[in-house]
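Colleague:
Rendered as structure tokens:
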């Protein structure tokens, strides 16, 4: 019985230490940086449902870089979209 009480005391002390550390430790604020591999930002890739995706136009305007995709071989309609990125490399699909 004494050994069980000792284990409970150790567990309680460990939990209290963990809780105090988690709650009161200083938090370091860091900006989330997008993943980049040799200058390539994978989150900025463009896709469509046609298996082949082209970039139709690229235009800097209103503090953003805009581009539109197109399917090279589709004659009628497509799933292509207008995209833009801001200075922090946040991608928006319009």
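Residue numbers (the working numbering): 3 to 96. Ideal Cβ placement from N, Cα and C applies to all residues, glycine included.
#1: Under 8 Å between the Cβ atoms of residue 37 and residue 45?
#2: When the Cα atoms are used, what is the spatial distance from residue 89 to residue 56?
#3: Pull up the distance between the alpha-carbon of residue 50 and that of residue 58, whole angstroms please.
#4: Tell whether a beta-carbon distance below 8 Å holds between residue 74 and residue 82.
#5: For the beta strand (DSSP E) that residue 80 lies in, which residues bound it at each end?
Modeller: With the given structure in hand:
#1: Their beta carbons are under 8 Å apart, which means residue 37 touches residue 45 by this criterion.
#2: So the two alpha carbons sit approximately 23 Å from each other.
#3: Each residue's alpha carbon lies about 13 Å from the other.
#4: Going by C-beta atoms, residue 74 is not nearer than 8 Å to residue 82.
#5: Careful: residue 80 lies outside any beta strand (DSSP E) and carries neither H nor E.
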